[in-house]
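Counting the sequence shown from 1 gives a position; our numbering is that position plus 2.
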Amino acid sequence: MIYIIDTANDEEIKESLSLGINGVTANSSMYLKNNTNFYGFLKEFSSKNLDFLSG
Numbered sequence: 003m004i005y006i007i008d009t010a011n012d013e014e015i016k017e018s019l020s021l022g023i024n025g026v027t028a029n030s031s032m033y034l035k036n037n038t039n040f041y042g043f044l045k046e047f048s049s050k051n052l053d054f055l056s057g
């Protein structure tokens, strides 16, 4: 089973990954809300060994 967090908040993602979440998904409104750069987000989290990543 794959557990996925739906956020663009770096801190929430890092905390969730430490708890065993193995996937991340986010959308454009989340990037705006968290002032997150889309390309930076993909670069950072694609380097992790995730089962699922959707930007």
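Glycine included, C-beta positions come from ideal geometry on N, C-alpha and C.
Cβ neighbours of residue 52 in the same chain (closer than 7 Å, five flanking residues each side left out): Numbered from 1 along the sequence shown, position 50 holds the residue referred to as residue 52. These residues qualify, in order along the chain: 24, 25, 26.
Assigned secondary structure, residue 4 (DSSP; H/G/I helix, E/B strand, else coil): Taking the first residue of the sequence shown as position 1, residue 4 is located at position 2. In the structure shown, residue 4 sits in coil (DSSP, three-state: anything other than H, G, I, E or B).
Cα-Cα separation between residue 35 and residue 22, rounded to whole angstroms: The count along the sequence shown starts at 1 and reaches residue 35 at position 33. The count along the sequence shown starts at 1 and reaches residue 22 at position 20. Taking the straight line from one Cα to the other gives about 25 Å.
Assumed close pair residue 54, residue 10 - CB separation to whole angstroms, cut-off 8 Å: Within the sequence shown, numbered from 1, the residue matching residue 54 stands at position 52. Within the sequence shown, numbered from 1, the residue matching residue 10 stands at position 8. Not confirmed; about 15 Å, so no contact.
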